[in-house]
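>
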């Protein structure tokens, strides 16, 4: 798309390429770089093994652990793509360590849990998505005073609890399996 805009001369080159010099672009690239370093160094695999040592041996509890990890990372990393980029290697390391069947229900349950945990709570935390700041900026000043960081969480808490409950119920029903992990 960018190359086509440059060739067709739709806009000046400095305007088309301006996004590549922004701090947000470098932040996103650094997240992917950190993810690559974590994977190639084997740190994520060791962290997954350490985590699995304390989790009951069930695909449901493994899924809960990944959802919780996503919940913890959501307010810290403001990019959903960055969170999913870091979550992918963690999920693959977990599936490798537990020796689940690649296309089995347990693997699918863990994949769904990973995606859910690292994306579902984006509306709950003000700092988890740039669009949340846009919405926050559109609110009147009196409402902005009411919905600071903790007020935002409190306001979105009902929807978060509802979504999480429905997700856990659907995972327990649709992805019920007898596959035992081999750690």
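Residue numbers (this note's numbering): 3 to 185. Every residue gets a Cβ at the ideal spot worked out from N, C-alpha and C, and that includes glycine.
Please state the DSSP three-state secondary structure of residue 147.
In the chain shown, residue 147 corresponds to position 145, counting from 1. Note: residue 147 maps to helix in three-state DSSP.
> Taking the continuous alpha helix (DSSP H) assigned at residue 179, which residues delimit it?
The residue given as residue 179 occupies position 177 in the chain shown. From DSSP, residue 179 is part of no alpha helix (DSSP H); its letter is neither H nor E.
> What three-state label does DSSP hand residue 174 in the structure shown?
The residue you call residue 174 lines up with position 172 of the chain shown. In the structure shown, residue 174 sits in a helix (DSSP, three-state: H, G or I).
> Below 8 Å, can you find three or more Cβ-Cβ pairs linking the stretch 60-72 to the stretch 8-15?
Taking 8 Å as the limit for Cβ pairs, the verdict is that the stretch 8-15 does not touch the stretch 60-72.
> Since residue 177 contacts residue 105 with CB under 8 Å, what's their CB separation in whole angstroms?
Position 175 of the chain shown, counted from the start, is the residue given in the question as residue 177. Position 103 of the chain shown, counted from the start, is the residue given in the question as residue 105. The Cβ separation is near 13 Å, so there is no contact.
> Output yes or no for whether 9 Å exceeds the beta carbon distance between residue 51 and residue 99.
Numbered from 1 along the chain shown, position 49 holds the residue referred to as residue 51. Numbered from 1 along the chain shown, position 97 holds the residue referred to as residue 99. Yes, the pair counts as a contact, with Cβ atoms nearer than the cut-off.
> Let me know the secondary structure DSSP gives residue 55 once reduced to three states.
One-based indexing of the chain shown puts residue 55 at position 53. Helix.
> Mind checking residue 58: buried by the 16 CB within 10 Å criterion, or exposed?
Position 56 of the chain shown, counted from the first residue, corresponds to residue 58. When all chains shown are included, residue 58 counts as exposed.
> Looking only at its own chain, which residues have a Cβ that is under 7 Å from the Cβ of residue 124, when we skip the five neighbours before and after it?
Position 122 of the chain shown, counting from 1, holds the residue named residue 124. If we look at residue 124 and ignore the five residues flanking it on each side, its Cβ neighbours are 76, 82, 130, 131.
> Quick one: grab the DSSP three-state call for residue 7.
Sequence index remark: in the chain shown, residue 7 carries index 5 (1-based). Note: residue 7 maps to helix in three-state DSSP.
> Using beta-carbon positions only, say whether residue 156 and residue 146 come within less than 9 Å of one another.
If you number the chain shown from 1, residue 156 lands on position 154. If you number the chain shown from 1, residue 146 lands on position 144. In this structure, residue 146 does not lie closer than 9 Å to residue 156 by Cβ.
> Taking only the alpha-carbon atoms, compute the straight-line gap between residue 48 and residue 122 and give it to the nearest angstrom.
Numbered from its first residue, the chain shown carries residue 48 at position 46. Numbered from its first residue, the chain shown carries residue 122 at position 120. So the alpha carbons of these two residues sit roughly 26 Å apart.
> Rounded to the nearest angstrom, what separates residue 158 and residue 133 at their Cα positions?
Looking up residue 158 in the chain shown gives position 156. Looking up residue 133 in the chain shown gives position 131. Residue 158 and residue 133: Cα-Cα distance of roughly 15 Å.
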